[in-house]
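Using my numbering, you'd call the opening residue of the sequence shown number 7 and step up by one each time. First comes the structure, then the notes that go with it.
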Amino acid sequence: MTARWWAGAPGPDVVPDAHLLAAVDSALAGSGAAAELVCTHVDRSAASPRTGVALRLTGKPIAPEETRDALARALGGPVVTAGSDSGPGPALVALREARAGVAGRCVRFPGQAGVQGRVRAGDLVAGTAIDEVVGLGGPVAADAVVDTAGFLRPTWARGRLSLLVEQAAGGVFQPFEVEFPHECCGGAH
Numbered sequence: 007m008t009a010r011w012w013a014g015a016p017g018p019d020v021v022p023d024a025h026l027l028a029a030v031d032s033a034l035a036g037s038g039a040a041a042e043l044v045c046t047h048v049d050r051s052a053a054s055p056r057t058g059v060a061l062r063l064t065g066k067p068i069a070p071e072e073t074r075d076a077l078a079r080a081l082g083g084p085v086v087t088a089g090s091d092s093g094p095g096p097a098l099v100a101l102r103e104a105r106a107g108v109a110g111r112c113v114r115f116p117g118q119a120g121v122q123g124r125v126r127a128g129d130l131v132a133g134t135a136i137d138e139v140v141g142l143g144g145p146v147a148a149d150a151v152v153d154t155a156g157f158l159r160p161t162w163a164r165g166r167l168s169l170l171v172e173q174a175a176g177g178v179f180q181p182f183e184v185e186f187p188h189e190c191c192g193g194a195h
């Protein structure tokens, strides 16, 4: 049986979120499985840190080996599955950390597509895979409003998927990680 967890070490041109998700979706298209959870991880075991990606699939692909090969081509590196004990370090780190829920930044997670605009923190927890909304400097009440701006990147810690937020103008919270943190040169680039 093919494991539901797969992981790889994407090449440098595949790392940004949109490129990574496009590569994963393209490779899995028509396979009978989709990536319901996609997390990036940093492997710091080498002299130069590298990014790994872990995927939790919705089910077993119709042709597992062909799908795995397609994903390896799309990511630009080998793909390992749950139970693997050899392969590229970043992929193994990603696989281990995501499965244990101890680290990783989720670029896709169940319920994400239904979250737009301003949402109560309790609704984020109830309607998505996010387990908790954590505020910088203090707790976040379930009825507190989070202005998602359509971009959420929760992280794994202690077996829980947590969204880190900070106080924003107007008494609402906003995710600590924003999609476009810097606008350089007046937005000309």
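C-beta: ideal position from N, C-alpha, C; glycine also.
Are the beta-carbon atoms belonging to residue i and residue j less than 9 Å from one another?
i: Ala39; j: Arg114; result: no
i: Pro84; j: Ala76; result: no
i: Ser32; j: Pro67; result: no
i: Val171; j: Val121; result: no
i: Leu61; j: Pro16; result: no
i: Leu63; j: Arg102; result: no
i: Gly58; j: Ala132; result: no
i: Thr46; j: Ala119; result: no
i: Thr134; j: Gly110; result: no
Apart from the five residues on each side of it in sequence, which residues of its chain come closer than 8 Å, Cβ to Cβ, to residue i?
i: Arg164; result: Gly107, Val108
i: Ser168; result: Ile136, Asp137, Glu138, Val139, Val140, Pro160, Thr161, Trp162
i: Val151; result: Arg124, Val125, Arg126, Ala127, Gly177, Val178, Phe179
i: His195; result: Low confidence applies here, because His195 scores a pLDDT of 48, under 50, leaving its location unreliable; read the following figure in that light. Here the set comprises nothing.
Using 10 angstroms around the beta-carbon of residue i, count the other beta-carbons present and answer buried if the total reaches 16, otherwise exposed.
i: Ala104; result: buried
i: Arg5; result: The first residue shown for the chain is 7 and the last is 195, placing residue 5 beyond what the model contains.
i: Gly143; result: exposed
i: Pro96; result: buried
i: Arg74; result: buried
i: Pro18; result: exposed
i: Pro181; result: buried
Using C-beta distances below 6 Å, list every residue in its chain close to residue i, excluding the 5 sequence neighbours before and after it, in chain order.
i: Gly65; result: Ala39
i: Glu185; result: Phe157
i: Glu147; result: The sequence as given places Ala at residue 147; Glu does not occur at that position. Excluding residues within five positions, none has a Cβ falling inside 6 Å.
For residue i, collect the residues of the same chain with a Cβ closer than 7 Å to its Cβ; drop the 5 residues on either side in sequence, then sort them by chain order.
i: Leu27; result: Val44, Val113, Arg114
* To do: Answer yes if the stretch 124 to 131 comes into contact with the stretch 72 to 92, meaning at least three C-beta pairs across the two stretches below 8 Å, and no otherwise.
  => Touching, no, given that fewer than three Cβ pairs across the two stretches are closer than 8 Å.
* Residue ranges of each alpha helix (DSSP H) run of no fewer than 4 residues wholly in the stretch 7 to 94, ordered along the chain? -> Every alpha helix (DSSP H) of 4 residues or more that sits fully in the stretch 7 to 94 is shown, in chain order, as 23 to 34, 70 to 81.
* Taking only runs that begin and end inside the stretch 126 to 160, name each unbroken alpha helix (DSSP H) of 4 or more residues, in chain order. => Within the stretch 126 to 160, the complete alpha helix (DSSP H) segments at least 4 residues long are 127 to 133, listed from N- to C-terminus.
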